[in-house]
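Asks: Questions regarding the structure given below will be posed in turn.
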Amino acid sequence: MKHGETGSFWGGIIKSMGLVFGDIGTSPIYTLTVIFVLTKPTQENVFGIISLVVWTLMILVNIEYALLAMSLSRKGEGGTIVLREILARMIKPGRQMVFVTFLSYLGVSLLLGDGVLTPAISILSAVEGALLIPALSGLQQSTLILIAAIIAVFLFIFQYKGTDKVAKAFGPIMVVWFAVLTLSGIISIFTFPSIIQAISPHHAIGFLSHNGMAGFLVLSEVILCATGGEALYADMGHLGRKPVTRAWYFVFAALVVNYLGQGAFIMGHPDAKNLLFGMVQSQSSLLYIPFLILTIMATVIASQALISGVFSIVYQGITTRILPL
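In the numbering used here, the protein residues as written are 6 to 330.
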């Protein structure tokens, strides 16, 4: 590989991390924390849930998006509306077309809903990490909500003016974020090495079979780990298929390692209220505040990317007459 090709190779990966994987990359902040609020962290439950998370990422993102969906495009473009346009050429007008159109409306609606909810949840989850700082442990929930709201307001102000000037920094920041997720996960895994066994799918199957309907309901929380996975397909037109898929392999490894690390952490700290922040603080209290700042930056980048995605899909909807002007 020549020098120019090498630079383009890594440049595409870094840019993809900043523009595509912010949403799914910040899911470790809240996914397992939300799940273990109502689920008792026994070894069987921890192994089962971690296995569910790993295989959700494997099936939904690796197979459905990276392997299958990204092989379908129109002039290099991807996304729900593009998929509808591809199918429209393959089927005859009638009930099938009505059904496909309904599915496209549903998909667009879900993405718009995600665009409203995810920035609020991600930023608030990051701000809540301040509670683990001794001097700020007394902050009221209303104060945290106000701080998160202020960050969101400034985010939309800058979004309106455009993010081209700061977009170049998104990639390197997210590279640091994923590197930190990987490192903290590895350190935590060493405290409970057997957590690696959770990669086996039989733990996920066992969890679902032993817990019945309760186990099925946990899946509604497990799916949080894959939020943002649709960005692989939706943003394919901006960056190209190869850079996005290459970047995803690095992101996937970082996410799996961090989720395993959080699983190891909760085995030793079953009363922990926030797994990611608690894990990092237990590893290095001196670096916790820089990590908190990095987390807030990552959630802002994730929110910006999702907001841009919402604008893009609305524009696609207008040009294809799915949405009114």
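Just so you know, even glycine gets a beta-carbon here, dropped at the ideal spot from N, CA and C.
Counting only the same chain and skipping the five closest in sequence on each side, list residues whose C-beta sits under 6 Å from that of Ser-13.
Replies: The residue labelled residue 13 in the question sits at position 8 within the sequence shown. None.
Asks: Counting Cβ pairs closer than 8 Å, one from the segment 262-271 and one from the segment 195-205, do we hit at least three?
Replies: yes
Asks: Using the Cβ count rule (16 or more neighbours within 10 Å means buried), how would you classify Tyr-254?
Replies: The residue you call residue 254 lines up with position 249 of the sequence shown. Within a 10 Å sphere around the beta-carbon of Tyr-254 sit fewer than 16 other beta-carbons, which makes this residue exposed.
Asks: What is the rounded straight-line gap between the Cα of Ile-156 and the Cα of Glu-235?
Replies: In the sequence shown, counting from the first residue as 1, residue 156 sits at position 151. In the sequence shown, counting from the first residue as 1, residue 235 sits at position 230. Rounded to whole angstroms, Ile-156 to Glu-235 spans 25 Å at the Cα level.
Asks: Would you report the Cα separation of Leu-291 and Leu-65, rounded to the nearest angstrom?
Replies: As a position in the sequence shown, residue 291 is number 286, starting the count at 1. As a position in the sequence shown, residue 65 is number 60, starting the count at 1. Cα to Cα, the separation comes out at about 37 Å.
Asks: My assumption, with CB atoms under 8 Å, is that Ile-150 sits in contact with Leu-129. Please give the rounded CB distance.
Replies: Along the sequence shown, one-based indexing puts residue 150 at 145. Along the sequence shown, one-based indexing puts residue 129 at 124. The Cβ separation is near 7 Å, so the contact holds.
Asks: Let me confirm a value: Ile-323 is counted as buried when at least 16 other C-beta atoms fall within 10 Å, else exposed. Which label applies?
Replies: On the sequence shown, position 318 is the one that residue 323 refers to. So Ile-323 counts as exposed.
Asks: Can Thr-123 and Leu-299 be called in contact, C-beta distance under 8 Å?
Replies: If you number the sequence shown from 1, residue 123 lands on position 118. If you number the sequence shown from 1, residue 299 lands on position 294. Not in contact: Thr-123 and Leu-299 (Cβ atoms no closer than 8 Å).
Asks: If the criterion is Cβ atoms closer than 8 Å, does the pair Leu-116 and Val-261 meet it?
Replies: By 1-based counting over the sequence shown, the position of residue 116 is 111. By 1-based counting over the sequence shown, the position of residue 261 is 256. Going by C-beta atoms, Leu-116 is not nearer than 8 Å to Val-261.
Asks: Skipping 5 residues on each side, what residues in its chain have a beta carbon closer than 8 Å to that of Gly-99?
Replies: Counting from one through the sequence shown, the residue named residue 99 turns up at place 94. Contacts found: none.
Asks: Please go through the same chain and pick out, in chain order, the residues whose beta-carbon is closer than 7 Å to the beta-carbon of Trp-182, but skip the five residues on each side of it.
Replies: Residue mapping note: residue 182 aligns to position 177 of the sequence shown, counting from 1. Cβ within range, chain order: Gly-30, Leu-299, Ala-303.
Asks: Should Ala-231 be listed as close to the ligand ZN, given that the test is whether its C-beta is under 7 Å from any heavy atom?
Replies: This structure simply doesn't include the ligand ZN, nor any ligand for that matter.
Asks: For the segment 255-330, which segments carrying the alpha helix (DSSP H) assignment without a break, of at least 4 residues, lie completely within its bounds, in sequence order?
Replies: 280-288, 293-324
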